[in-house]
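Below is one structure, written out as C-alpha cells; comments come after it.
There are 2 protein chains.
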Amino acid sequence: MLERIDNILQHKCLVDSDKSILLGFSGGPDSLALMDIMHSLGYPLIAAHLDHGLRPESESDARAAAELAASRDIACILGKTDAQSYASDHAMSIEEAARSLRYGFLFRQARELGVHAVAVGHTANDQVETLIMHLLRGSGLSGLSGMRFRNVPNPWSQDIPLIRPILGIWRREIEAYIKDRGLLPLQDRTNLDTRYFRNRIRHELIPYLEGYNPGISPIIWRMADIMDVDDRFLQQSTHAAWEDCLVKVGPGYISWQADSLRRQHLALQRRILRRGIAWLRPGIRDLDYLTTVRGVEFINNPTLDRQVDLASGLRLFLEGGVLFLAGYEADLPLNEWPQIRKKATLRFETQDEVSLDSGWIIIARPVESVSSVRLVVQSNDDPYQAWIDVSAIEGPLTVRARRPGDRFKPLGLGGHSLKLSEFMINEKLPRRARDKWPLVCRVSLPEESGGGKNPDEIVWIPGSRLAHTYRIKDSTRKAAHLHLSHQE
Amino acid sequence: MLERIDNILQHKCLVDSDKSILLGFSGGPDSLALMDIMHSLGYPLIAAHLDHGLRPESESDARAAAELAASRDIACILGKTDAQSYASDHAMSIEEAARSLRYGFLFRQARELGVHAVAVGHTANDQVETLIMHLLRGSGLSGLSGMRFRNVPNPWSQDIPLIRPILGIWRREIEAYIKDRGLLPLQDRTNLDTRYFRNRIRHELIPYLEGYNPGISPIIWRMADIMDVDDRFLQQSTHAAWEDCLVKVGPGYISWQADSLRRQHLALQRRILRRGIAWLRPGIRDLDYLTTVRGVEFINNPTLDRQVDLASGLRLFLEGGVLFLAGYEADLPLNEWPQIRKKATLRFETQDEVSLDSGWIIIARPVESVSSVRLVVQSNDDPYQAWIDVSAIEGPLTVRARRPGDRFKPLGLGGHSLKLSEFMINEKLPRRARDKWPLVCRVSLPEESGGGKNPDEIVWIPGSRLAHTYRIKDSTRKAAHLHLSHQE
Chain A
2 MLERIDNILQ HKCLVDSDKS ILLGFSGGPD SLALMDIMHS LGYPLIAAHL DHGLRPESES
62 DARAAAELAA SRDIACILGK TDAQSYASDH AMSIEEAARS LRYGFLFRQA RELGVHAVAV
122 GHTANDQVET LIMHLLRGSG LSGLSGMRFR NVPNPWSQDI PLIRPILGIW RREIEAYIKD
182 RGLLPLQDRT NLDTRYFRNR IRHELIPYLE GYNPGISPII WRMADIMDVD DRFLQQSTHA
242 AWEDCLVKVG PGYISWQADS LRRQHLALQR RILRRGIAWL RPGIRDLDYL TTVRGVEFIN
302 NPTLDRQVDL ASGLRLFLEG GVLFLAGYEA DLPLNEWPQI RKKATLRFET QDEVSLDSGW
362 IIIARPVESV SSVRLVVQSN DDPYQAWIDV SAIEGPLTVR ARRPGDRFKP LGLGGHSLKL
422 SEFMINEKLP RRARDKWPLV CRVSLPEESG GGKNPDEIVW IPGSRLAHTY RIKDSTRKAA
482 HLHLSHQE
Chain B
2 MLERIDNILQ HKCLVDSDKS ILLGFSGGPD SLALMDIMHS LGYPLIAAHL DHGLRPESES
62 DARAAAELAA SRDIACILGK TDAQSYASDH AMSIEEAARS LRYGFLFRQA RELGVHAVAV
122 GHTANDQVET LIMHLLRGSG LSGLSGMRFR NVPNPWSQDI PLIRPILGIW RREIEAYIKD
182 RGLLPLQDRT NLDTRYFRNR IRHELIPYLE GYNPGISPII WRMADIMDVD DRFLQQSTHA
242 AWEDCLVKVG PGYISWQADS LRRQHLALQR RILRRGIAWL RPGIRDLDYL TTVRGVEFIN
302 NPTLDRQVDL ASGLRLFLEG GVLFLAGYEA DLPLNEWPQI RKKATLRFET QDEVSLDSGW
362 IIIARPVESV SSVRLVVQSN DDPYQAWIDV SAIEGPLTVR ARRPGDRFKP LGLGGHSLKL
422 SEFMINEKLP RRARDKWPLV CRVSLPEESG GGKNPDEIVW IPGSRLAHTY RIKDSTRKAA
482 HLHLSHQE
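So the sequence lines, in the order shown, correspond to chains A and B. Using the numbering used here, you'd call the opening residue of the first sequence number 2 and step up by one each time. Using the numbering used here, you'd call the opening residue of the second sequence number 2 and step up by one each time.
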C-alpha cells in the first residue's frame, strides 16, 4: 500500500517529497490513514482541522485530532466555525456549507503557510458516491468525471493543487491498514446518520445496486476515470474553439463570430455557450439542459427576429455576422457602427467633414467632372461611399439622428417612399444602433416642405443606402462625393 | 403528439414522407402507437413481425399483429425463428439472441424490399432503461450515449438507417394516446416477467431510484443526449487522429507512428487503441478497462523490452519509430528491412551487386582514388553506405545471414569484439528481422581463421555499422564502396 500511494503521489498528484503539504485532517479513519502513510513515506506534513460546530463533542474531537497529529510530531492548525448558521445565511444544505467552509479554511491556511499542495483523504468509495450523487441530480460529462487525483486550478486556488492520494484506495483497504497498524481514529457520528443524502447513498443505494451487480463500485470508479479523460479532451477542444470564435468579452456580454461558431461541432457549440453563460452568471450551478439546447438551436438556425431569451436575464442575438450573449446589464459596444449625438452641418462646395462618435467620420467633397465618375458610380456597391446629385440642393447638408415620422425613398425602389423605421428593419441595421444612426439630409425649401413636420429630406444613410432622388442621372450637372470611414 | 413526431421524423430521423419505411411491429402498445401515428401522418409503411417462438401463444400473436396492420391496409411480413436454440448455440442470453435475430430479420427484409429506413418503437423509457443497464454493466461514453433517433451506419446496414421516432416520448404518453384512440394492442407477457434484467430495471430499480429523485428518468434521458453529442465529437476527433498516426492496417496487425500517437490527447490515444483492438478482435464486446490503461501507458512510456501483452493474443511492440498492435496470427511486414535468404558472393574489383528480398540490393564497386574519398568517408553518417579498406582482402566478399557464434568489432569501439546478437540488440535492429539480416563478410584465410567455426569475418552490417578493422585508414591504398538501397 505504501508503495502504491507513493507512486500515486509522484505520478498522479505530482508532488515533491521534500516540500510541505497541508493535510485536511478530521481525525477519522481516511485522513488518519493518509496522515500515517504520507508521514511514513517521509512527506513533510502540516495538519489542519476545522471544527464545524455541528455536534456537541466537536470541540473535544478537535483536541483529539491535534493530539493524533502531535504524537507524530506533526503540527495541527485548529479552526472553528458555525456551519449551521452559514448554511441558513446562504440558503445551502449543511453539507454544502460545511464543505465550502472547510475548503475555504484549508486554502487560506495553505496560502499563509506557503505550502506546496493541500491533501484530502477522499477514497475510491467517496468517488463512487460522488458520481452517483451527480448522476441522480443530473449532470453531463463534467459531473460524471468526479474528483481528481490532482486538481489545479480549483475553485479555491489558481496555483495550489488539491490532491487526493487515496482516491484509488477502497475503504476496506483503509480499514485493513488501520487495523494492521493499530491506529485509533476518531469516529464521526454523522457518517452513520442517513439524514444526509451522501450517507443514504453510501448505506442504502450502493448496497441495493450491488444486488444488481456486486462489482458496481469499481465499474463506476472506472467510468469516472474514462469520463475525466474524455472531459479533459473536450475542455481542451472547447478552449481552442472558443479562441477561434471569440470577438470580445465585454462588460456583461460576450460576442463570437457567428459563422465560426456554426462551423464547430455541436458538442463544442454547447460547451462554448455553457462556458459563456457560466462566465456571465457565475452563480448558476446547474444550467438547464433545455436552455443550452435552445441556445444552440438559435445559433444554427436563427429566428427571424434574430434574438432569443435564455435564462437569468441573458439573451442571444445576432448583429450582422456577430453573435452576442448578453445580460440586461450589458454595456454593449456601439463603436462598430456610425453614431451621431448632435446635429451637424456638412458643406460640399469645398471639402468638409463631420466627426461622429468613436472615430467615425463623414467627408464630403465636390466632384470636379461628373462625366468622369459616371462609370465608378454605376458599379459602386460600397455602402460607405455615395455620389449624390447636388444640382437642386442649395446650402449645406445636415447630418442628424432619426426623428419620428422620418420617411425614405431608397435607391432601387423607383422612388417609392418607406417609413425609415421599416427600412432600417429590412436592412437589418442593428436595433440598438438605429436611434443614433447618422442621416445625411438636405434642408427642404419652404415651398417643398409644405410646412410639414420634417422640413428636410434624407439624401443618404451612410453605410446603407442612397436616396432615389439624389442618384447621379444623365441630366446631373453637379455632384458631390460622400465618404463614411472609421479611424481606429 | 402527431406534430411532435412528424417534426422528429423530419428533423431527427431525416426520413421522407413519400418513401416506404419498414416498421418492426410486435403489436404491443409502443409499436402499435407508432404504426398508428406514422400511418395518420401519411408515411407509407410496411410492417414486419418476427415470432421468436418463446411463448406458446406467439403464433396466434403473429396472426393478430398481421390483422392489426391489415385493418389499416398495411402489409405485414411474418417471420418465425427459434430464439431459445439460437441462444444456446451462440452462448447468448435469450434477450440478446431475440434481439440479434429480430434486427437481422428486419434488415434482411428492408434490403429485399428496398425501403428507405427501418423504424422501431423504442420510447424514452426504453432509452433510460438501456442507459441504466449500460451503467450497471460498466461502459464509457459510448455506452452512456444510448440509442439514437437515427443510426446509420448501424451493425446491420451501412446505408439503411435504423430510426426511433418515439425515442423522446414517454410510455405514459403512449398509453394515453392508445386510450384516446381506442387502440387494442397485444400484451407481451414477458414485459411483466422480472426474469429478464431489463424488466427488473423497469419494474424495480427505476421506481427505487425515483425515491431519491422523482425526476430521475428525464435526467438520465438528457444525460444520454449530452453524452451522445460528446461521443460523436470524440469519434470524429479519433477518426482524424487515427488517420494522422496510421502507418498501415495489415493482415492481423495495425501500425502507427509512435511519435504522432504520443502527441495525441490521452482520450484519443485510448480510443485509437480500443478501435485497433476492436478491428483485430471484433468478438471482444466489453474491452477491459485495465487493458486500455496498460496499452496507453506502454505507448507513452515504453518498457525496456519494447513490447507488452494485451488481451486476446494481442500485443503492442515498438520497432524503431513504429508501434505495432498485432495478434499471434499477424503476417508482419518484413520488407522495411534488408533480408537475405541464401548466401551470395559480392565482388568489388568491378561493379557487382547482390539482390536481397523485397527489392533490396547491395552494390559494390572499386574506389578509383582513395585520397579523393577520404573527406566523404570521414563525414559519412549514412548507415546505407560504407567505404572499406580492401587492401588485405583477397577474392570476393560473401553476403550471408547470421550464424551462431558470430562476433563483430563495430567501428567506434576501438577494435573491441562483441557477440553479434548483443550488438543487434544494442542497435535496436528489429527482433524479427535479425535472423535474416544480411552481413557482408570476408572469407578468412586458413592461417587467420585458426580452424575456428566461422572461417570468415563480418566487414559491414548494411544499414547499421562498418567493422573497425576495415575502416579507411591513412595507410589504406585500396578501397571499395558498398551501397545498400531499396527499389520500391
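In this text, a Cβ means the ideal position worked out from N, Cα and C, and glycines have one as well. Just so it is clear, the structure is predicted and the values come from calculations on it, not from any experiment.
7 Å Cβ cutoff, residue i in contact with chain B
i: N214 (chain A); result: yes
i: I220 (chain A); result: yes
i: L193 (chain A); result: With a pLDDT of only 45 at L193 (chain A), under the threshold of 50, the placement of this residue in the model should not be trusted, and no figure is reported.
i: P208 (chain A); result: no
i: H487 (chain A); result: no
i: Y197 (chain A); result: no
i: F234 (chain A); result: yes
i: Y290 (chain A); result: yes
Proximity test, Cβ basis, 7 Å: residue i and chain A
i: F150 (chain B); result: no
i: D231 (chain B); result: yes
i: R223 (chain B); result: yes
i: F299 (chain B); result: no
i: G492 (chain B); result: Lying outside 2 to 489, the shown extent of chain B, residue 492 (chain B) is not represented and no answer is given.
i: G452 (chain B); result: Caution is warranted here: a pLDDT of 49 is assigned to G452 (chain B), below 50, making its placement in the model unreliable, and no coordinate value can be reported.
Range covered by the beta strand (DSSP E) that runs through residue i
i: F318 (chain A); result: 315–320
i: L23 (chain A); result: 22–25
i: I493 (chain A); result: The question about residue 493 (chain A) has no answer here: the residues shown for chain A are numbered 2 through 489.
i: S373 (chain B); result: Unbroken run through S373 (chain B) is the alpha helix (DSSP H), 371–379; no beta strand (DSSP E).
i: H484 (chain B); result: 480–487
i: A118 (chain A); result: 118–120
Residues bridged to residue i [DSSP beta-bridge criterion]
i: C442 (chain B); result: B:T399, B:I459
i: Y254 (chain A); result: A:G251, A:A327
i: N155 (chain B); result: B:S158
i: R80 (chain B); result: Per the sequence shown, residue 80 (chain B) should be read as Gly rather than Arg. Bridge partners of G80 (chain B): B:L51.
i: T346 (chain B); result: B:T399
i: Q308 (chain A); result: A:F318
i: P411 (chain A); result: A:A468
i: E428 (chain A); result: Partner(s): none; E428 (chain A) has no beta bridge.
i: V355 (chain B); result: B:I363
Start-to-end residues for the alpha helix (DSSP H) that takes in residue i
i: A67 (chain B); result: 59–71
i: V31 (chain A); result: In the sequence on display, residue 31 (chain A) carries Asp and not Val. D31 (chain A) -> alpha helix (DSSP H) spans 30–41.
i: T131 (chain B); result: 125–138
i: P367 (chain A); result: No alpha helix (DSSP H) contains P367 (chain A), which is instead part of the beta strand (DSSP E) from 361–367.
i: T292 (chain A); result: 290–301
i: H417 (chain A); result: Where H417 (chain A) is concerned, there is no enclosing alpha helix (DSSP H), given that its DSSP letter is neither H nor E.
i: Y104 (chain A); result: 95–114
i: G219 (chain B); result: Checking the displayed sequence, the identity of residue 219 (chain B) turns out to be Pro instead of Gly. 217–246 is the span of the alpha helix (DSSP H), which, as asked, contains P219 (chain B).
- Item | Selection of the segment 2–13 of chain B by Cβ proximity to chain A, strictly under 7 Å | none
- Task: Inspect the CB distances between the segment 343–350 of chain A and the segment 309–318 of chain A and report whether three or more fall short of 8 Å.
- Result: no
- Message: Give me the subset of the segment 242–272 of chain A whose CB atoms are less than 8 Å from a CB atom of chain B, sorted by chain position.
- Response: H266, L267, A268, L269, R271
- Query: Counting pairs of beta carbons, one from the segment 195–213 of chain A and one from the segment 252–263 of chain B, are three or more of them closer than 8 Å?
  - Reply: no
- Interfacial residues, the segment 122–135 of chain A to chain B, with Cβ spacing under 8 Å: none
- Message: Under 8 Å: do the segment 39–53 of chain B and the segment 210–222 of chain B share three or more Cβ pairs, one atom per stretch?
- Response: no
- Task: Assess, as a yes-or-no matter, whether the segment 472–483 of chain B is touched by the segment 422–435 of chain B under the definition of 3 or more beta carbon pairs within less than 8 Å.
- Result: no
- Quick check: the segment 258–267 of chain A against the segment 254–264 of chain B, are there 3 or more CB pairs under 8 Å? no
- Task: With 9 Å as the limit, tell me which residues of the segment 373–399 of chain A have their beta carbon closer than that to any beta carbon of chain B; keep them in chain order.
- Result: none
- When Cβ atoms are compared, which residues of the segment 89–106 of chain A fall closer than 7 Å to chain B? none
- Stretch pair the segment 94–113 of chain A + the segment 145–157 of chain A: three plus CB contacts closer than 8 Å: yes
- Taking one C-beta from the segment 364–375 of chain A and one from the segment 453–469 of chain A each time, how about it: are there three or more such pairs within less than 8 Å? Contact between the segment 364–375 of chain A and the segment 453–469 of chain A is not established, with fewer than three Cβ pairs separated by less than 8 Å.
- Sufficient close CB pairs (3 or more, under 8 Å) joining the segment 380–392 of chain A to the segment 458–467 of chain A: yes
- Query: How about the segment 38–52 of chain A and the segment 91–98 of chain A: do they share at least three Cβ pairs that are nearer than 8 Å?
  - Reply: Output reads no: the segment 91–98 of chain A does not touch the segment 38–52 of chain A.
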